[in-house]
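J.:
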Amino acid sequence: MRDVKQSRFIRFLKKAEAAFSRMMHPKGYVCIGCGKELKEEYREKSICPECEAELRYRTGKLCEVCGKHIENGVLCSACTERPPLFDKAYAVFEYETLARKLVVSYKDGEKPWLAEYMAKYLADYAAAMEISADVLCHVPSSDANVRKRGFDHAAKLAKTFAALTGITHVSVLKRIKQRKDQTKLGAEARFAEVADAFALTSGEAGKLVEGKRCLLLDDVLTTGATASACAKLLKDAGAVSVTVLTFTR
Numbered sequence: 001m002r003d004v005k006q007s008r009f010i011r012f013l014k015k016a017e018a019a020f021s022r023m024m025h026p027k028g029y030v031c032i033g034c035g036k037e038l039k040e041e042y043r044e045k046s047i048c049p050e051c052e053a054e055l056r057y058r059t060g061k062l063c064e065v066c067g068k069h070i071e072n073g074v075l076c077s078a079c080t081e082r083p084p085l086f087d088k089a090y091a092v093f094e095y096e097t098l099a100r101k102l103v104v105s106y107k108d109g110e111k112p113w114l115a116e117y118m119a120k121y122l123a124d125y126a127a128a129m130e131i132s133a134d135v136l137c138h139v140p141s142s143d144a145n146v147r148k149r150g151f152d153h154a155a156k157l158a159k160t161f162a163a164l165t166g167i168t169h170v171s172v173l174k175r176i177k178q179r180k181d182q183t184k185l186g187a188e189a190r191f192a193e194v195a196d197a198f199a200l201t202s203g204e205a206g207k208l209v210e211g212k213r214c215l216l217l218d219d220v221l222t223t224g225a226t227a228s229a230c231a232k233l234l235k236d237a238g239a240v241s242v243t244v245l246t247f248t249r
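Numbered continuously in UniProt numbering, the sequence shown closes out at residue 249.
#1: Indicate the three-state DSSP secondary structure (helix, strand or coil) for Glu37 in the structure shown.
#2: By the 10 Å Cβ neighbour count, where 16 or more other Cβ atoms means buried, how is Pro84 classified, buried or exposed?
#3: CB-CB under 6 Å to Val244, same chain, minus the five flanking residues each way: which ones, in chain order?
#4: Going by C-alpha to C-alpha distance, which of Val194, Val172, Arg213 and Ala225 sits closest to Gly203?
#5: Could you check where the beta strand (DSSP E) with Val242 kicks off and where it finishes?
#6: Output yes or no for whether 9 Å exceeds the beta carbon distance between His169 and Lys107.
#7: Where Phe93 and Lys111 are concerned, what is the direct C-alpha to C-alpha distance, given to the nearest angstrom?
#8: Tell me the DSSP secondary structure of Asp218 in three-state form.
#9: Which same chain residues end up closer than 7 Å to Val146 when comparing Cβ atoms and leaving out the 5 residues on each side of it in sequence?
#10: Any idea what DSSP makes of Cys230, helix, strand or coil?
#11: Just the C-alpha distance for Thr165 and Ala123, rounded to the nearest angstrom, thanks.
#12: Could you tell me the boundaries of the alpha helix (DSSP H) in which Val104 lies?
#13: Would you give the residue range spanned by the alpha helix (DSSP H) that Val172 belongs to?
Okay, here's the thing in structure tokens:
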């Protein structure tokens, strides 16, 4: 019982610290990387030029399906051995340094407002890569994570992205199996873990994607197992294609 109370107290302290930080450093006024006050022209993305330079765009030779770095050929070994059920995946940044800090701060650092800036990068990238779609979907969070964070991070990111791009956001997927910690799982185990983890939100949900080109949005792409499981549901519902777009990989 003592451990439970201590754990609750620690969570309370973290929330209080985050609230104080938000009060002292309003969004857009300080750099989300180094914390220094920003000039007016840099407030659109809440990041100073020095820190923005740390964001490494994913470039070089990439797998034509999942976007993984490769040395030869057109497909990575994973896509050759197990073709994903989505058509193509894009990721804006490498999952490292500031990009990783942004993702973690957004989901678990009491900074949901970061969705505004992450979505701006995603929208600019989608325009540059000429990514088009009829409808926008998102990978849903587990109920446990929604309760923990107070919001569905992918849904919020998708709604913000939709407002910037004009693509209609449809919430048609739900998680029916709570996610285990996948950081210690290999690729095969990850695919098995998420194979039956999702479902359509209702019997009518399929009509929203039937005959449509779907863009599936999330914050991070790792093995592609989760995106592939979601893509299967969308295609089974009649989607003609599923393109994946994530902030990092």
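No residue lacks a Cβ here, since even glycine has one placed at the ideal position from N, Cα and C.
What you are looking at is a predicted structure, and each value in this text was computed from that prediction instead of being measured.
T.: In short, the structure shows the following:
#1: strand
#2: buried
#3: Phe86, Ala89, Leu216 and Ala227
#4: Val172
#5: Ser241 to Thr248
#6: no
#7: 19 Å
#8: strand
#9: Asp152
#10: helix
#11: 6 Å
#12: Thr97 to Asp108
#13: Premise fails: Val172 is in no alpha helix (DSSP H) and is neither H nor E.
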